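Counting in our numbering, the sequence shown runs from 1 upward without gaps. Following: one structure in structure tokens, then a few remarks.
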Amino acid sequence: MIKTICVCGAGTMGSGIAQLAAQAGFSTIHYDLDPAMLKKSRLSIESNFDKLISKERMSATDKQKCMDRIVLTSELRDCIADLVIEAIVEQQQVKAELFNALAAINFPETIFASNTSSLSITGLAKQIKHPGRVAGMHFFNPAPLMKLVEIVSGEQTEPDTIQTLLAVAKQMGKTPVVCKDAPGFIVNRVARPYYLEAMQLIEQGLTDIKTIDRVMEATGFKMGPFALMDLIGMDINYNVSNIVWEALGKPERLRPSAIQKQKVDAGELGRKTGKGFYDHVQSGK
Ligand SMILES: NC(=O)c1ccc[n+]([C@@H]2O[C@H](COP(=O)([O-])OP(=O)(O)OC[C@H]3O[C@@H](n4cnc5c(N)ncnc54)[C@H](O)[C@@H]3O)[C@@H](O)[C@H]2O)c1
1 MIKTICVCGA GTMGSGIAQL AAQAGFSTIH YDLDPAMLKK SRLSIESNFD KLISKERMSA
61 TDKQKCMDRI VLTSELRDCI ADLVIEAIVE QQQVKAELFN ALAAINFPET IFASNTSSLS
121 ITGLAKQIKH PGRVAGMHFF NPAPLMKLVE IVSGEQTEPD TIQTLLAVAK QMGKTPVVCK
181 DAPGFIVNRV ARPYYLEAMQ LIEQGLTDIK TIDRVMEATG FKMGPFALMD LIGMDINYNV
241 SNIVWEALGK PERLRPSAIQ KQKVDAGELG RKTGKGFYDH VQSGK
């Protein structure tokens, strides 16, 4: 039975997941190495709740109850929970180190879920002492709004772990789908050409960013590829492209784009840095 969730990482995804955990009634420990990110996350969660209040979808009392459920910390020793969901940097080694450090101080039953977009869950689990309690729990951006959660089963993930994560996702009001571990899982694999073909059109000088976004949105996509890359974060999206491409044997059709690499190298990461393919006004600072 999950009562306490520790959400590691207070960036784009961790903040949204911590909000969801608190809203679903779980005691929520929100951990990040960087106290400034925790502060920013708290402001963002409060602002999301205020929007719900203004739409009469949340009461001020419930907002306070949710905020009271969230404990912010930069200390690993505070991270004792029934379920750990990590949304830190997309590097397998760093994620494995975090899980192992937490496994050493947590309960023998604690489940470790990774919000990775593209790393192998089987590969990550192999580095952890209890691979049966490691799985993927892949939320989509923005986590509080997007209904889908991919629950990713690695080779050694135990069925009980999957059942527990399904129940938690449902308690958060999500629509979970179980999928097997494979590069990009389902959504990120299918979505890769959406970004890559759009960037190829730009590289070939055939049209411009705004036109592509407008056209795709007019055909029913919620966001055009460039607006979506800015939302996701250029570094995250470029990393996913590289990992999926390499994991599938570097097929030419999925080769990551030079345009995106230039953006990453220039630090133009999208909404989170105020500039990506578009200019953005930053909030929460
Ligand atoms: N951005 C997206 O749209 C998206 C969608 C689904 C999944 N993901 C995945 O979620 C994870 C996080 O992505 P994000 O966009 O939120 O990243 P982000 O860059 O916005 O935030 C990462 C946070 O992790 C913290 N951090 C880094 N290393 C840490 C460590 N060792 N211990 C504790 N905190 C640490 C950083 O301080 C930062 O606050 C990645 O694995 C990414 O692939 C991202």
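All C-beta atoms in this analysis are idealised placements derived from N, C-alpha and C, irrespective of residue type, glycine included. Quick caveat: nothing in here was measured; it's all calculated off a predicted structure.
- Closest by C-alpha distance to T28, out of G14, D34 and M37, is G14.
- In this structure, DSSP gives S118 a state outside helix and strand, which the three-state scheme calls coil.
- Annotation for N48 indicates a beta carbon at 8 Å or more from all heavy atoms of ligand 1.
- L206 is classed as exposed because its beta carbon has fewer than 16 other beta carbons within 10 Å across all chains shown.
- The beta carbon of N242 sits no closer than 8 Å to any heavy atom of ligand 1.
- Under the Cβ criterion (8 Å, minimum of three pairs), the stretch 161 to 171 does not count as touching the stretch 185 to 197.
- Straight through space, the alpha carbons of L166 and D181 are spaced by roughly 16 Å.
- When rounded, the separation of the alpha-carbon atoms in L83 and A60 is 28 Å.
- Bridge partners of T73 according to DSSP: Y31.
- Residue pairing of K180 in beta bridges, as defined by DSSP: S153.
- DSSP places T164 in the uninterrupted alpha helix (DSSP H) bounded by P159 to Q171.
- Cβ-Cβ distances below 6 Å link N237 to M229 in the same chain, with the five nearest sequence neighbours on each side left out; the list follows chain order.
- The residue from A125, E150 and L20 with its alpha-carbon nearest to that of P176 is E150.
- Non-local beta-carbon contacts of K126 in its own chain, meaning distances under 8 Å to residues more than five positions away in sequence, involve Q156 in chain order.
- Fully enclosed alpha helix (DSSP H) runs of no fewer than 4 residues occupy 209 to 218, 225 to 232 and 234 to 247 of the stretch 209 to 256, in order along the chain.
- A distance below 6 Å between beta-carbons, with the five flanking residues on each side excluded, links M223 to no residue of its chain.
- In the DSSP assignment, K275 is bridged to G270 and D279.
- About 6 Å separates the CB atoms of I85 and I17; that is less than 8 Å, so the two are in contact.
- Considering only E246, F185 and T273, the residue with the shortest C-alpha distance to T116 is F185.
- According to the DSSP assignment, G9 belongs to no alpha helix (DSSP H), since it is labelled neither H nor E.
- Ligand 1 approaches E97 closely enough that one of its heavy atoms is under 8 Å from the residue's Cβ.
- In terms of Cβ geometry, L269 and M234 form a close pair [threshold 9 Å].
- Remark: the shortest separation between the CB of K261 and any heavy atom of ligand 1 does not fall under 8 Å.
- Distance from the CA of E158 to the CA of L76, rounded to the nearest whole angstrom, comes to 26 Å.
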